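Below is one structure; the comments refer to it alone.
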Amino acid sequence: MTHIDPGPGAAAPPPRAPRYTSYPPATHFHDGVGPDRARHWLGRIAPGTRVSVYAHIPFCRRLCWFCACRTQGTLSEAPLAPYIDALAAEIDLVADALPGAVATAHLHLGGGTPTFLPPALLVRLFGLLDARLPRMPDAETSVEVDPTELDAARLDALAGARVTRASLGVQDFDPAVQRAIGRPQSFERTRQAVEGLRARGIDAINLDLLYGLPKQTAASLERTLELALSLRPDRLAIYGYAHVPWASKRQVMIRSEDLPDATARLDLSRRAAARARAAGYQPVGIDHFALPDDPMARAARDGTLRRNFQGYTTDTAPTLIGLGASAISRLPGGYAQNAPRTADWRARVLQGRLATVRGHVATRDDAVRAAAIERLLCAFRVDPGELADPALIATLTDRAARAWPDAVLRDATGILTIRPGARHLARLIAMEFDAYAVSPDRHSVAV
Ligand SMILES: C=Cc1c2[nH]c(c1C)Cc1[nH]c(c(CCC(=O)O)c1C)Cc1[nH]c(c(C)c1CCC(=O)O)Cc1[nH]c(c(C)c1C=C)C2
Ligand SMILES: C[C@H]1O[C@@H](n2cnc3c(N)ncnc32)[C@H](O)[C@@H]1O
Ligand code: SF4
Numbered sequence: 001m002t003h004i005d006p007g008p009g010a011a012a013p014p015p016r017a018p019r020y021t022s023y024p025p026a027t028h029f030h031d032g033v034g035p036d037r038a039r040h041w042l043g044r045i046a047p048g049t050r051v052s053v054y055a056h057i058p059f060c061r062r063l064c065w066f067c068a069c070r071t072q073g074t075l076s077e078a079p080l081a082p083y084i085d086a087l088a089a090e091i092d093l094v095a096d097a098l099p100g101a102v103a104t105a106h107l108h109l110g111g112g113t114p115t116f117l118p119p120a121l122l123v124r125l126f127g128l129l130d131a132r133l134p135r136m137p138d139a140e141t142s143v144e145v146d147p148t149e150l151d152a153a154r155l156d157a158l159a160g161a162r163v164t165r166a167s168l169g170v171q172d173f174d175p176a177v178q179r180a181i182g183r184p185q186s187f188e189r190t191r192q193a194v195e196g197l198r199a200r201g202i203d204a205i206n207l208d209l210l211y212g213l214p215k216q217t218a219a220s221l222e223r224t225l226e227l228a229l230s231l232r233p234d235r236l237a238i239y240g241y242a243h244v245p246w247a248s249k250r251q252v253m254i255r256s257e258d259l260p261d262a263t264a265r266l267d268l269s270r271r272a273a274a275r276a277r278a279a280g281y282q283p284v285g286i287d288h289f290a291l292p293d294d295p296m297a298r299a300a301r302d303g304t305l306r307r308n309f310q311g312y313t314t315d316t317a318p319t320l321i322g323l324g325a326s327a328i329s330r331l332p333g334g335y336a337q338n339a340p341r342t343a344d345w346r347a348r349v350l351q352g353r354l355a356t357v358r359g360h361v362a363t364r365d366d367a368v369r370a371a372a373i374e375r376l377l378c379a380f381r382v383d384p385g386e387l388a389d390p391a392l393i394a395t396l397t398d399r400a401a402r403a404w405p406d407a408v409l410r411d412a413t414g415i416l417t418i419r420p421g422a423r424h425l426a427r428l429i430a431m432e433f434d435a436y437a438v439s440p441d442r443h444s445v446a447v
């Protein structure tokens with residue numbers, strides 16, 4: 001395997017690495033996992049287990065050109081009620097496959113745009129989930145929010161459903177950048193959304209920003225940061241834009257010639273990080289920032305930060321039940337992914353079948369490597385002594401130290417630490433622990 005280290009200032013082609021929101025990454029899932037196996041795995045979840053639940057809403061009124069999420073544009077609300085009907089069927093199928101009641105510690109609605117659902121459908125969806133996968137009294141309930149798809153009735157529905165955290169898509173406030181990514185959104189609209197949420201007691205606010213977008217300059221990104229920080233979000237995600245037009249067709253609207261190169265991307269990410277730190281935010285992992293009292297900042301400090309399909313999380317439940325088109329579950333035994341296309345997913349669950357079409361059966365080797373990669377991305381440190389197979393991990397930290405001599409330190413006990421200035425390389429360094437990483441070219445830009 002060859003590595004291309006862009007290094008500060010070096011003009012190298014952009015390196016590519018998986019995002020490691022799962023190990024192995026979803027690109028390695030295969031069709032040997034289907035409904036029977038998924039049902040068997042669900043049957044192994046002991047009654048009373050704390051679980052996380054993710055429900056995917058794959059609809060948006062607008063289709064932003066940069067977006068790599070599994071979503072579809074629709075101007076009409078017609079597909080929404082049938083989608084919730086199908087979710088009702090799936091929730092019953094999944095709950096019937098469980099040996100007993102589970103305790104939902106974390107519920108996340110993502111997409112797509114869950115707030116595209118009319119208030120009555122939001123209320124219905126929470127009711128369906130609570131009836132079969134009841135939330136614990138102190139459960140975190142988070143929802144992805146498009147600030148341009150939010151009104152008073154939806155805000156009331158979210159508050160009534162005991163939503164505790166809202167994650168707002170911002171991406172960039174600069175009008176020229178917004179035009180280049182097909183996503184108009186005023187600061188004023190975003191501010192109103194934040195205020196509307198806080199006024200109803202939904203006071204944990206995340207904002208998502210991106211660097212590496214077309215037309216973005218150092219000055220425009222700093223202005224975006226200034227505006228975003230003026231809203232004092234609890235958390236800020238500053239992701240690197242992943243240009244993957246082969247995976248997300250709408251990205252052909254964005255010309256690769258208009259994108260900053262690896263050096264410019266690194267400079268943009270460092271400037272954005274410096275702004276966030278100067279405003280009192282603690283860096284968390286490779287792309288998050290949180291106020292020091294936020295649970296994610298605390299989790300990063302006390303070593304309990306985790307990674308799941310949404311990126312970084314404070315959620316420590318080992319089991320994740322994914323519902324909806326394309327959703328992935330992490331079950332005792334492995335990963336199970338639903339049919340990605342809404343029509344396929346819907347047809348299956350309405351016929352009374354689980355919608356699993358692909359996945360991965362976890363081996364012991366997978367579990368050990370997954371834990372090492374998670375530690376590397378969450379703490380920038382891997383201690384073989386803390387993992388289930390210290391000898392294997394010590395061999396891999398040795399391999400990583402040889403491949404990345406300028407980026408990491410390895411001590412005599414085999415503990416690997418990424419140098420602070422090289423943390424943007426964490427995903428590439430993680431590939432040394434990845435037994436499936438053969439062709440790095442299929443993945444997105446790493447920094
Ligand atoms: C909520 C938004 C996003 C989801 N994933 C991404 C975003 C921004 C980013 C992303 N995911 C993948 C790629 C391309 C390849 C890569 O960088 O590794 C990007 C940029 C890969 C991916 N993610 C999922 C699958 C099945 C794949 C593989 C697709 C492929 O390349 O063939 C799963 C997945 N991602 C998201 C959801 C909601 C989801 C399924 C539940 C969200
Ligand atoms: C859920 C969050 O995912 C991020 N997101 C969506 N598409 C991409 C992409 N191509 N690259 C990086 N991040 C992306 C956005 O910031 C969104 O708000
Ligand atoms: S960024 Fe959000 S609103 Fe835009 S297409 Fe993606 S999911 Fe939909």
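Per UniProt numbering, the sequence shown starts with residue 1, numbered consecutively. We treat Cβ as the ideally placed atom computed from N, Cα and C, and that holds for glycine. Only a predicted model underlies this, so the values are computations on that prediction, with no experimental measurement involved.
Inter-residue spacing [alpha-carbon to alpha-carbon] between residue i and residue j
i	j	result
residue 39	residue 97	6 Å
residue 111	residue 69	7 Å
residue 352	residue 167	33 Å
residue 198	residue 165	10 Å
residue 330	residue 45	11 Å
residue 82	residue 88	10 Å
residue 186	residue 209	14 Å
residue 184	residue 175	7 Å
residue 369	residue 17	16 Å
residue 159	residue 108	14 Å
residue 434	residue 373	8 Å
residue 43	residue 99	6 Å
residue 127	residue 144	18 Å
Closer than 8 Å: residue i CB and nearest ligand 3 heavy atom
i	result
residue 63	yes
residue 171	yes
residue 309	no
residue 342	no
residue 112	yes
residue 183	yes
residue 126	no
residue 71	yes
residue 187	no
Residue range of the unbroken alpha helix (DSSP H) whose run includes residue i
i	result
residue 192	187-199
residue 368	364-379
residue 284	Per DSSP, residue 284 belongs to no alpha helix (DSSP H); it is in the beta strand (DSSP E), 282-284.
residue 91	80-97
residue 33	Counting along the chain, residue 33 falls outside any alpha helix (DSSP H), and DSSP gives it neither H nor E.
residue 330	Residue 330 -> not in any alpha helix (DSSP H); beta strand (DSSP E) instead, spanning 328-331.
residue 100	Note, residue 100: premise wrong, no alpha helix (DSSP H); not H, not E.
residue 392	390-403
residue 429	426-430
residue 350	342-350
residue 63	Element bounds for residue 63: n/a, residue is neither H nor E.
residue 178	175-180
Rounded distance between the beta-carbons of residue j and residue i, thought under 8 Å
i	j	result
residue 121	residue 84	5 Å
residue 345	residue 336	Wrong, their Cβ atoms sit about 13 Å apart, outside the cutoff.
residue 182	residue 296	About 30 Å separates the two Cβ atoms, so there is no contact after all.
residue 324	residue 56	3 Å
residue 308	residue 21	7 Å
residue 362	residue 333	6 Å
residue 261	residue 52	The pair is not a contact, with the Cβ atoms about 38 Å apart (cut-off 8 Å).
Residue i CB to nearest heavy atom of ligand 2 below 8 Å
i	result
residue 208	yes
residue 243	yes
residue 432	no
residue 144	yes
residue 248	yes
residue 167	yes
residue 239	yes
residue 152	no
Residue range of the beta strand (DSSP E) that includes residue i
i	result
residue 169	165-171
residue 359	356-361
residue 135	135-145
residue 311	311-313
residue 208	204-211
residue 289	288-290
residue 248	Per DSSP, residue 248 belongs to no beta strand (DSSP E) and is neither H nor E.
residue 53	50-57
residue 418	416-418
residue 161	From DSSP, residue 161 is part of no beta strand (DSSP E); its letter is neither H nor E.
Classification of residue i by the beta-carbon crowding that lies within 10 angstroms, buried from 16 upward
i	result
residue 396	buried
residue 360	buried
residue 294	buried
residue 449	Coverage of the chain is limited to positions 1 through 447, which leaves residue 449 absent and any answer about it impossible.
Near ligand 5: residue i beta-carbon under 8 Å from a heavy atom
i	result
residue 372	Ligand 5 is absent from the structure shown, which contains only ligand 1, ligand 2 and ligand 3.
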